[in-house]
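Structure first, commentary second.
Residue numbers (full-length UniProt numbering): 1 to 339.
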């Protein structure tokens with residue numbers, strides 16, 4: 001059986017190039033005092049052996065790794081789309097990107113970012129982007145930017161989207177189509193953005209003179225399985241809703257699946273509007289009417305802000321809220337006529 005390859009060290013490079021470790025170090029750190037032909041030989045050996053300096057050693061030597069950490073509780077559609085924006089921002093910046101996730105196995109949900117940062121702090125990354133952090137008082141000693149923090153704006157620089165306006169737009173769209181029994185499949189109660197989406201839903205109903213009906217509200221928790229159970233409960237009730245505003249697209253798509261399984265037509269019997277505009281929303285059947293929050297741009301802006309902080313450059317706005325807008329597709333229509 002083939003043995004695992006051991007890590008290539010600076011001593012291996014020196015031995016293969018026939019030079020001292022000090023010479024290799026000068027080449028790696030682009031210091032003077034190495035002849036051009038020697039430098040070329042050392043660089044060729046580095047390329048041949050695939051040598052990379054240890055981030056820990058580099059940090060101890062230079063107090064900088066040029067690596068940015070993106071910390072997420074789980075890799076799901078929102079965080080995955082946000083990472084695309086982070087990759088856009090990192091390109092050509094001279095920084096590298098490392099993503100740290102426990103794959104949802106965070107144990108105690110509250111405070112996961114403290115545990116993650118304790119693993120990375122001091123040696124592996126120069127700063128971190130926290131995606132939907134549960135707490136905003138993390139003591140890290142390096143720049144941190146929070147995306148969509150649970151408690152809203154904090155002492156950290158933050159990037160989020162206008163969830164309140166987006167929820168109003170979604171609910172107003174259903175109202176404009178003639179719906180009055182509009183259900184809400186809410187997000188996680190611990191997230192500020194989810195609370196704002198419920199607030200926007202309530203405000204749109206109130207502005208239209210439609211009484212809020214607590215029996216039309218269920219918690220989907222941004223989770224597909226929980227959302228399917230909640231949607232089934234709503235859609236099998238004696239007086240089911242004619243429309244559902246789902247607090248994210250995962251919940252909306254799960255609602256459509258449940259409706260179709262129950263023999264309901266979407267949008268003929270049930271209209272559904274989501275929130276996020278993840279790529280899957282345009283690919284489901286029917287294509288989902290949803291609220292676009294610019295997730296990819298959120299990731300891009302967060303990393304740009306973090307790089308400015310790492311470089312100690314002035315940041316024009318440290319609390320950035322991006323606009324949301326309604327994207328009309330095929331999952332919402334006027335309610336069916338009363339028999």
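The beta-carbon is built from N, C-alpha and C at its ideal position, and this holds for glycine as well.
This structure is a prediction, so every number in the text was calculated from the model and none was measured.
For the region 166 to 196, the full-length beta strand (DSSP E) segments reaching 3 residues or more read 182 to 186 along the chain. In this structure, the CA atom of residue 295 is about 27 Å from the CA atom of residue 229. DSSP places residue 16 in the helix class (H, G or I) of the three-state scheme. Only buried fits residue 195, as 16 or more other CB atoms lie within 10 angstroms of its CB.
Residue 100 and residue 301 have their C-alpha atoms spaced approximately 19 Å apart. Judged by DSSP in its simplified three-state form, residue 276 adopts strand. Three or more pairs of CB atoms, one per stretch, sit closer than 8 Å, so the region 179 to 192 contacts the region 219 to 237. Secondary structure at residue 258: helix, using DSSP grouped into helix, strand and coil. At least 8 Å separates the beta-carbon of residue 274 from that of residue 262. The beta-bridge partner set that DSSP reports for residue 325 consists of 292.
Between the region 249 to 266 and the region 204 to 214 there are fewer than three C-beta pairs closer than 8 Å, too few to call the two in contact. Annotated three-state conformation of residue 38 is helix, per DSSP.
Here residue 299 is buried: its Cβ has 16 or more other Cβ atoms, across all protein chains shown, within 10 Å. About 5 Å separates the beta carbon of residue 322 from that of residue 161, a gap short enough to meet the 8 Å contact definition. Counting only residues of its own chain and dropping the five nearest sequence neighbours on each side, residue 128 has a CB closer than 6 Å to the CB of 69, 71 and 144. Taking the CA atoms as reference points, residue 265 sits about 14 Å from residue 232.
When secondary structure is reduced to three states using DSSP, residue 78 falls in the helix class. In terms of Cβ geometry, residue 17 and residue 8 do not form a close pair [threshold 8 Å]. Three or more pairs of CB atoms, one per stretch, sit closer than 8 Å, so the region 237 to 249 contacts the region 171 to 183. Taking the Cα positions, residue 251 is about 14 Å away from residue 282. In this structure, the beta-carbon distance from residue 178 to residue 200 does not fall below 8 Å. A distance below 8 Å separates the beta carbons of residue 331 and residue 271.
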